[in-house]
Amino acid sequence: MELYEQTAHELRDLLIKKEISSQELTEAFCEHIAQVEGYVQAYVTTTREQALKAAQDFDQKLAKGEETAPLAGIPMALKDNMSTKDIRTTCSSKILENYIPPYDATVVKKLQATGMVMLGKLNMDEFAMGSSTENSRFFQTKNPWDLERVPGGSSGGAAAAVAASEAAYTLGSDTGGSIRQPAAYCGVVGLKPTYGLVSRFGLLAFASSLDQIGPLTKDVTDCALVLQQIAGHDPLDSTSANLPVPNYQEALVPDVKGLKVGVPKEYFAAGLDPEVEKIVQQSIRQFEDLGAIIEETSLPHTEYALPAYYVIAPAECSSNLARYDGVRYGYRDTDAQDIVSMFMKTRDEGFGQEVKRRIMIGTYALSSGYYDAYYLKALKVRTLIKQDFDQAFAKYDILLTPTTTSPAFKFGEKSADPVSMYLSDICTVTINLAGVPAISIPCGFSNGLPVGLQIIAKPFGESTLFRAAYAFEKATNYHEQRPQLGVK
Amino acid sequence: MAAEYEAVIGLEVHVELKTKSKIFCGCTTEFGGEPNTHVCPVCLGLPGVLPVLNKKVVDYAIKAGLALNCQIASFSKFDRKNYYYPDLPKNFQTSQYDLPIAEHGFLDIEVDGVEKRIGITRIHMEEDAGKLMHSGETIVSSTSSLVDYNRTGVPLIEIVSEPDMRSAEEARAYLEKLKAIIEYTEVSDCKMEEGSLRCDANISVRPKGTEKFGTKVEIKNMNSFRALQRAVEYEIERQIDLNEDGGKVIQETRSWDDTKGVTVSMRSKEEANDYRYFPEPDLVPLVIDKEWVDSIKETMPELPDARKKRLVEEIGLSSYDASVITSSKDLAEFFDRTMEHYQDAKIVANWLMGELLRLLNAKGQTIKESPITPQALAELLILQDKGTISGKIAKQVFEEMFNTGQSAENIVKEKGLVQISDEGAIGAIVEKVIANNPQSVEDFKNGKKQAIGFLVGQVMKETKGKANPALVNKLLNEKLQNI
Ligand SMILES: [Zn+2]
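If you read the protein sequences in the order shown, they are chains G and D. Here the first sequence is numbered in the working numbering, starting from 1 and rising by one per residue. Here the second sequence is numbered in the working numbering, starting from 1001 and rising by one per residue.
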């Protein structure tokens, strides 16, 4: 296995044993990126110089015998919706094409404090709106398992980069499945933490009450390591929980004996690809073989999740994206003759179709006369969905579901039909509405394409997620598969 | 004809709170400063930033709520008010909508001796916007405009009254009383000229005796009590005239032009915004327990009405004098501190309301800037009581004190203003005056008692006002009786 194909914790061991230096490792990644990026197109911006400088700093520290944090010196990358000081942060939008933030997101600060080596910023659906990364205003990222297929979205660049070994790990953001769905499509591990566990400060908001930053990694151990670095209370984020962060490494024990597992029947309904269903059912049996207690259960309000999500998320987005008006930063239409036309033309030209569609849906849903019928109703549904999960977690430690209803689809297959695209998030959006944590792990292949298993736990139950995911991973080898990009 | 109508007036008052830092970030709230120097990514609403509520803002809002007899909400939240304007960095304002921090209060006003209670509908917290600076006279005639975001995120409370006022005088009295109460709580410096207290008025007229409200018009941009009163008067007249002429009042927002003395249309209801309020997802709801409210109650100072009551009942001031003295916290403080050194309340009140306010107003100064301290005033009054100077001289000395900052004693000494109380000296002058004014003496003898006033004046003139007036009167009477 090539150096860059290894997991972060394996690379960590090599660094500590001084078998490689961070600089060598970073150069190896940069070289690999140069080779495969033409196929994958995961990066919006690469920051080779800064990465090499950070790697050298780490090497010097290590040489001096200084204590280094786990993950220090290991090349990684960020979805391009996390604010990075002096480094272009675009949200893959024309409106922010040349925006250079003056401050770092809290996750960036936390990783920097541990010796982050950042290779660059990753492609995404514009403002994180989409399920395929086809909505990037710049270019499409390809699925490394099949370049004719989408990597998923909106963290498609982040998932593809890990799958194609263009970064040891990445951070994505998940509003309705934007980490888990591309993780499933690209055969990597993706975690949407509990809402409030990871600070959102510096995350360019899509829908504030749903957004959460999380890791995309090659295996569960890496996922736990990354979460450990970025989790915790942030005084700059009022919605971040003021709770101690557990030691997630301690949860990595391959033991699920007696673990009570609920399988919500609503996730195995019509529309689920039979091949995916078969693979997920096999995975559930795998848990049973490992000693977990499996029971069918019900989350009765699941069918209302998607409509509620497609009211709440656009409503918040219509407000969050109002600031992009050409007055202070970003793209501005310079032909307009007055301020109102400047606002309108800037936004018309600066935003892509999907973003505009959601802004209009959200504006409509919040407008007087429709608020009660749409937004307020959606909030009520959200409460019912939360109650579904409360009831389920009174009985079960985890819930198991497919992450997606099918493997990665082909480019263009759904992009002409927004509703069919929205339906591809059906297994994941409920989790964001409920605010609970969920992880997607590789659980098999359908015609050579990865399939993801979604494990859900109660709020702040990340340790349980890791324990279950780790036990499954130890008993299988799907996570060790690497896509063949035809380049070596 | 106009007497058949009655006005219905409600006020919306924005008060800038006196916190050191802004409502959602750590930037300073200091007034002025180079444009865009009191800003950070948070108050500029840069992509990705989040607000963090300044607890002091909530403390102040609770305090204002208690001072205005409101119920403090145990559960409150922030909402987003969405609208586009270049001075609004996020194109939404974080404000409060359906669950404001305080509701159901009141304050009492007095106009022409008649007391009236005005309801306070609600008080809510919100952030201020920035300021546009146009290259031309108005936004329309400008070729370019610049934005200063220094004020962005400065904490405000908006105090909304019930439509309980019926005249411009009542509106003015309400605003004056509101300002006094807020000043007493010290949650704002209430500087109208710096915009830290701003007032909008909702005005409608209806035929007297009817229940139904007329069409309401909102007036903006009134930045003084006088402007408020004039604007309301003008608008009531305008609406009555429209009704009389068979026209129709349209629901709109109008702006007060202080130089022209008219209201002008800004935008009509048809153009009005749909603010699309919804709960601010970046802030958690605000839970205010009894302990929090109680801890604020403990810091509550004596308010104008209580203070007025104390001055009337304990010190014996007239209701009118007590109202004037307590209408400004600084004036009331000045009064109390003078009383520590000099105990005749009526005399102190007269001096403050008369001489001191007259001189301050003439110079455009506030009571805080008074060159005369309470103690210095007391010393002057004591000199007068001791007979060292006459009342007339005292006013002269006071003015001198005001202009130079010197003590009364120094001025009296330096200018030789000590009252003449020597019976012999005054007697001599009295005799001289009697001798020089035989006509007046004659008049007096003939029963024209007021002639004595002229003779007293002549004695005072001779002594440059230094003669003890009581003594002058006594001696004049004695000598005239003996003639
Ligand atoms: Zn600031």
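Backbone N, C-alpha and C define an ideal beta-carbon position, used for all residues, glycine too. Note that this is a predicted model, so its numbers are computed, not measured.
Quiz item: With 16 other CB atoms within 10 Å as the buried threshold, where does residue 337 of chain G fall?
Solution: As a first step, residue 337 of chain G is located in the first sequence; it is residue number 337 there, counting from the start. Using a 10 angstroms sphere on the CB of residue 337 of chain G, the tally of other CB atoms stays under 16, which defines it as exposed.
Practice problem: Confirm the yes/no value for this check: CB of residue 1042 of chain D, any heavy atom of ligand 1, distance under 7 Å. | Solution: As a working mapping, residue 1042 of chain D is identified with position 42 in the second sequence. Yes, the Cβ of residue 1042 of chain D comes within 7 Å of a heavy atom of ligand 1.
Quiz item: Taking 7 Å as the cut-off, is the CB of residue 1039 of chain D close to at least one heavy atom of ligand 1?
Solution: Taking the first residue of the second sequence as position 1, residue 1039 of chain D is located at position 39. Yes; taking the cut-off as 7 Å, the Cβ of residue 1039 of chain D has a heavy atom of ligand 1 nearer than that.
Self-check item: Where residue 1288 of chain D falls: helix, strand or coil (DSSP)
Solution: Translated into the one-based positions of the second sequence, residue 1288 of chain D becomes position 288. Reduced to three states, the DSSP call for residue 1288 of chain D is coil.
Quiz item: CB of residue 1027 of chain D to nearest heavy atom of ligand 1: below 7 Å?
Solution: Locating residue 1027 of chain D in the second sequence gives position 27, where the first residue counts as 1. Within the chosen limit of 7 Å, ligand 1 reaches the beta carbon of residue 1027 of chain D through at least one heavy atom.
Exercise. Spell out whether any CB of chain A is found under 8 Å from the CB atom of residue 1282 of chain D.
Key: Absence of chain A from the displayed structure is noted, the protein chains being G and D.
Quiz item: Between the region 105-118 of chain G and chain D, which residues of the former have CB atoms less than 9 Å from a CB of the latter, in chain order?
Solution: Using a CB distance below 9 Å, the part of the region 105-118 of chain G facing chain D consists of 105, ordered along the chain.
Practice problem: Compute the distance between the beta-carbons of residue 100 of chain G and residue 80 of chain G, then report whether it is under 8 Å. | Solution: Taking the first residue of the first sequence as position 1, residue 100 of chain G is located at position 100. Taking the first residue of the first sequence as position 1, residue 80 of chain G is located at position 80. Contact: no.
Quiz item: At least one CB of chain D closer than 8 Å to the CB of residue 236 of chain G: is that the case?
Solution: On the first sequence, position 236 is the one that residue 236 of chain G refers to. Yes, its Cβ sits closer than 8 Å to a Cβ of chain D.
Quiz item: Hey, is residue 1022 of chain D close to ligand 1, as in C-beta under 7 Å from one of its heavy atoms?
Solution: Position 22 of the second sequence, counted from the first residue, corresponds to residue 1022 of chain D. Checking every heavy atom of ligand 1 against the Cβ of residue 1022 of chain D, one is found closer than 7 Å.
Quiz prompt | Between the CA atoms of residue 1326 of chain D and residue 1212 of chain D - distance to the nearest angstrom | solution = Residue numbering aside, residue 1212 of chain D sits at position 212 when the second sequence is read from its first letter. Residue numbering aside, residue 1326 of chain D sits at position 326 when the second sequence is read from its first letter. Going by C-alpha positions, residue 1212 of chain D is about 37 Å away from residue 1326 of chain D.
Quiz item: Taking the alpha carbon of residue 1416 of chain D as the point to measure from, which residue in D/1172, D/1431, D/1389 and D/1423 has its own alpha carbon closest?
Solution: To locate residue 1416 of chain D, count along the second sequence from 1; it is residue 416. Nearest C-alpha to residue 1416 of chain D: D/1389.
Quiz prompt | Where residue 1071 of chain D falls, given that 16 or more other Cβ within 10 Å makes a residue buried | solution = As a first step, residue 1071 of chain D is located in the second sequence; it is residue number 71 there, counting from the start. Answer is exposed; the Cβ neighbour count stays below 16.
Exercise. For the region 300-316 of chain G and the region 195-214 of chain G, state whether three or more C-beta atom pairs, one from each stretch, are separated by less than 8 Å.
Key: In short, these stretches touch, since the Cβ pair count reaches three.
Quiz item: Does any CB atom of chain D fall closer than 8 Å to the CB of residue 256 of chain G?
Solution: Here residue 256 of chain G corresponds to residue number 256 of the first sequence, with the count starting at 1. No - not a single Cβ of chain D is within 8 Å of the one on residue 256 of chain G.
Practice problem: Thinking residue 163 of chain G and residue 186 of chain G are a contact (beta carbons under 8 Å), I'd like their distance in whole angstroms, please. | Solution: Position 163 of the first sequence, counted from the first residue, corresponds to residue 163 of chain G. Position 186 of the first sequence, counted from the first residue, corresponds to residue 186 of chain G. Rounded, the Cβ-Cβ distance is 4 Å, consistent with contact.
Quiz item: So what does residue 1110 of chain D bridge to, in DSSP terms?
Solution: Counted from its first residue, the second sequence places residue 1110 of chain D at position 110. DSSP, once it has assigned bridges, lists D/1115 as partnering residue 1110 of chain D.
Practice problem: May I have the straight-line CA-CA distance separating residue 139 of chain G from residue 155 of chain G, to the nearest angstrom? | Solution: Here residue 139 of chain G corresponds to residue number 139 of the first sequence, with the count starting at 1. Here residue 155 of chain G corresponds to residue number 155 of the first sequence, with the count starting at 1. Residue 139 of chain G and residue 155 of chain G: Cα-Cα distance of roughly 14 Å.
Quiz item: chain D beta carbons: is any one of them nearer than 8 Å to that of residue 125 of chain G?
Solution: Stepping through the first sequence from its first residue, residue 125 of chain G is reached at position 125. Answer no: the Cβ-Cβ gap between residue 125 of chain G and chain D never drops below 8 Å.
Quiz item: Per DSSP, residue 264 of chain G forms a beta bridge with which residues?
Solution: Mapped onto the first sequence, residue 264 of chain G falls at position 264. DSSP lists G/297 as partners of residue 264 of chain G.
Practice problem: Taking all protein chains shown into account, decide if residue 1033 of chain D is buried (16 or more other Cβ within 10 angstroms of its Cβ) or exposed. | Solution: Numbered from its first residue, the second sequence carries residue 1033 of chain D at position 33. Result: exposed.
Practice problem: Identify the contact partners of residue 1055 of chain D in chain G, using a Cβ-Cβ distance below 9 Å as the criterion. | Solution: Taking the first residue of the second sequence as 1, we reach residue 1055 of chain D at position 55. Contact note: residue 1055 of chain D does not reach chain G at a C-beta cutoff of 9 Å; the least C-beta distance is about 11 Å.
Quiz prompt | Validate contact between the region 244-256 of chain G and the region 409-416 of chain G using beta carbons, cut 8 Å, 3 pairs | solution = The region 244-256 of chain G makes no contact with the region 409-416 of chain G: fewer than 3 CB pairs, one atom from each, lie closer than 8 Å.
Quiz item: Hey, quick one: how far does the alpha helix (DSSP H) through residue 373 of chain G stretch, first residue to last?
Solution: Counted from its first residue, the first sequence places residue 373 of chain G at position 373. Judged by DSSP secondary structure, residue 373 of chain G falls outside any alpha helix (DSSP H); it is assigned neither H nor E.
Quiz item: Would the beta-carbon of residue 1045 of chain D be found less than 7 Å away from any heavy atom of ligand 1?
Solution: Your numbering for residue 1045 of chain D matches position 45 in the second sequence. Relative to ligand 1, residue 1045 of chain D has its C-beta separated by 7 Å or more from all heavy atoms.
Quiz item: If the cut is a Cβ gap below 7 Å, which residues of chain G does residue 1092 of chain D touch?
Solution: Numbered from its first residue, the second sequence carries residue 1092 of chain D at position 92. Correct list: 319 and 322.
Self-check item: When G/347, G/322 and G/306 are compared against residue 374 of chain G, the one with the closest alpha-carbon
Solution: Within the first sequence, the letter at position 374 stands for residue 374 of chain G. Nearest C-alpha to residue 374 of chain G among G/347, G/322 and G/306: G/306.
Quiz item: Counting along the chain, where does the beta strand (DSSP E) carrying residue 1016 of chain D start and finish?
Solution: Stepping through the second sequence from its first residue, residue 1016 of chain D is reached at position 16. For residue 1016 of chain D, the enclosing beta strand (DSSP E) has its first and last residue at 1005-1016.
Quiz item: Around the Cβ of residue 1234 of chain D, are there at least 16 other Cβ atoms within 10 angstroms (buried) or fewer (exposed)?
Solution: Working through the second sequence from its first residue, we reach residue 1234 of chain D at position 234. It counts as buried.
Practice problem: Kindly indicate if chain G contains any beta-carbon less than 8 Å away from that of residue 1084 of chain D. | Solution: Taking the first residue of the second sequence as position 1, residue 1084 of chain D is located at position 84. For residue 1084 of chain D, at least one C-beta of chain G is nearer than 8 Å to its own C-beta.
Quiz item: Cβ of residue 1247 of chain D versus every heavy atom of ligand 1: is any distance shorter than 7 Å?
Solution: On the second sequence, residue 1247 of chain D is found 247 positions in, with the first residue counted as 1. The answer is no for residue 1247 of chain D.
Quiz item: Is any heavy atom of ligand 1 found at a distance shorter than 7 Å from the C-beta of residue 1153 of chain D?
Solution: Sequence index remark: in the second sequence, residue 1153 of chain D carries index 153 (1-based). Yes, since a heavy atom of ligand 1 falls inside the 7 Å radius drawn around the Cβ of residue 1153 of chain D.
Quiz item: Among all the DSSP beta bridges, which residues are the ones paired with residue 145 of chain G?
Solution: What you label residue 145 of chain G is simply residue 145 of the first sequence in a count that begins at 1. By DSSP's assignment, residue 145 of chain G forms no beta bridge with any residue.
Quiz item: Under 7 Å from any heavy atom of ligand 3, does the C-beta of residue 262 of chain G make it?
Solution: Within the structure as shown, ligand 3 is missing, the only ligands being ligand 1.
Quiz item: What residues of chain G sit near residue 1151 of chain D, judged by a beta carbon separation below 9 Å?
Solution: Residue mapping note: residue 1151 of chain D aligns to position 151 of the second sequence, counting from 1. Neighbours of residue 1151 of chain D on chain G: none; closest Cβ ~15 Å, over 9 Å.
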